[in-house]
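Data block below; observations after.
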Amino acid sequence: MTHLLEKLFIFLLLCALLGLFFSIQWHTEMTDHKEDWLKMQNDRQTILDSICLSKNLTNLKRKLDEHVARQLFVDENYKFIYCEVPKVGCTNWKKIVLLLTLNLSRHAFEVSQDEIHKTNLLKRLSSYPSKQQAKLLNSFTKVMFTRHPLERLVSAYRDKLLHDEPYYRTTVANEIKAMFRKDNNFTGAVTFQEFVNYVVTRSNEYLDVHWKPMFQLCDPCNIHYDILGKYETLGEDVSHTLSRIGVTEIVRYPDSKFYTQRTNKKLTIQYLKKLDWNQMEKLMKLYQPDFSLFNYTFTVEMEMTFSG
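Numbering-wise, the sequence shown is residues -23 to -1, 1 to 285 according to mature numbering (1 follows the signal peptide of the UniProt record, and there is no 0).
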């Protein structure tokens, strides 16, 4: 009996030691992962600050632009501010802000698209007095997410001009057709070439938010965002953001694997092949600040598309 108890004790001891080993290993991996992510965040912020300074885009004494204030969604419960950049997972982020505002522990998938676009429960920073706006910006965790400018543009075209959204499929589409179709032929969808011509000829201040340059929407040179997320590292950045504001056990951001039809790099290049070099030059000029500030590049594949 004593011999059996000794074996049981040794077995339990080995189990405890193995558990401790794997726990330490897991903790070390998590710590290393967090340090890598923090370094990546620091690199993004350093590049952003450098470009802001070199391009003279910083003016901290200037009053917050009303249009920018409208892009900022506020949750007072968890002291969180999210800047909406359309076509960069913004609908899901607004769902999360709504759940936090209502203090509901739910999956973001449980909030319908229709519900999030029609609700008046979301608070924008523009609804606060200017003094309180400054106070919230100084004390809350501020987040913005970006995406490769040309991929975001293609995504906006596919979503707004090819799908059945009444305003874009009729009002905006007819405006584009009237500008670029000499024969007054309004049949058929707006082509990508027509859409690009429309975007590059519009004044920046009148550009729709779905294709307006990201830096103009969130003004990152004058608002210090605590987290600079990217669509390209969405899962990782979302995880750390939710952890930062302490809500990982309360809400969940939908997994990107559910979106099988989303615009990706390969699809973006297919659309860019439809453009001529003159159109590309105008697009690059329009989105140059986004490329620089958020460290995006004109990829090798894109270069090859227009090299000939």
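Yeah, the Cβ is synthetic: ideal placement off N, Cα and C, and Gly gets one too.
- Each of E12, I200, H217, T218 was checked against the Cα of A46, and the nearest Cα belongs to I200.
- Counting the other CB atoms within 10 Å of its CB gives M191 a total of 16 or more, which places it among the buried residues.
- Taking every protein chain shown into account, the CB of F163 has fewer than 16 other CB atoms within 10 angstroms, so this residue is exposed.
- With contacts defined as CB atoms closer than 8 Å, Y248 and V62 fail to qualify as a contacting pair.
- Assignment of T245 by DSSP, reduced to helix, strand and coil, places it in the helix class.
- Every unbroken stretch of the alpha helix (DSSP H) spanning 4 or more residues and falling wholly within the stretch 1 to 52 is given here in chain order: 43 to 48.
- 8 Å or more divides the Cβ of L99 from the Cβ of K119.
- Beta-bridge analysis with DSSP links K119 to I58.
- Taken through DSSP and simplified to helix, strand or coil, H84 comes out as strand.
- Look at I(-14) here: in three-state DSSP terms it is helix.
- Closest by C-alpha distance to R221, out of N80, Y55, Q170, Y183, is Y55.
- Taking a contact as a CB-CB distance under 8 Å, the pair C198 and T35 counts as one, their CB atoms being some 5 Å apart.
- Annotated three-state conformation of K189 is coil, per DSSP.
- For the options Q110, V74, L138, F172, the alpha carbon positioned closest to that of L252 is the one of F172.
- Straight-line measurement puts the Cα of S27 at about 10 Å from the Cα of N33.
- Under DSSP, no beta-bridge partner is assigned to I153.
- Minimum Cα-Cα distance from S104 among the listed residues P143, E43, L263 corresponds to E43.
- Less than 8 Å divides the Cβ of L127 from the Cβ of L260.
- In the three-state DSSP reduction, L184 falls in the coil class, being neither helix nor strand.
- Here the alpha carbon of K243 sits roughly 17 Å from the alpha carbon of T210.
- For K100, the pairing in a beta bridge is given by DSSP as V51.
- In this structure, L270 places its C-beta atom within 8 Å of the C-beta atom of L25.
- By the neighbour-count definition (other C-beta atoms within 10 Å, threshold 16), T218 is a buried residue.
- With 16 or more neighbouring CB atoms inside 10 Å of its own CB, R21 falls in the buried class.
- DSSP links G206 through a beta bridge to F122.
- Beta-bridge partners assigned by DSSP to R229: H84.
- Between C60 and L194, the CB-CB gap stays under 8 Å.
- Residue environment: R124 is assigned as buried (16 or more neighbouring CB atoms within 10 Å of its CB, all protein chains considered).
- A133 is a Cβ neighbour of H187, given a cutoff of 8 Å.
- Under the three-state reduction of DSSP, T164 is assigned to coil, being neither helix nor strand.
- The alpha-carbon separation between L75 and G165 amounts to approximately 38 Å.
- Between Y202 and the set V88, L114, L102, the nearest pair of CA atoms involves L114.
- Straight-line spacing of the CA atoms in F157 and R83 works out to 47 Å.
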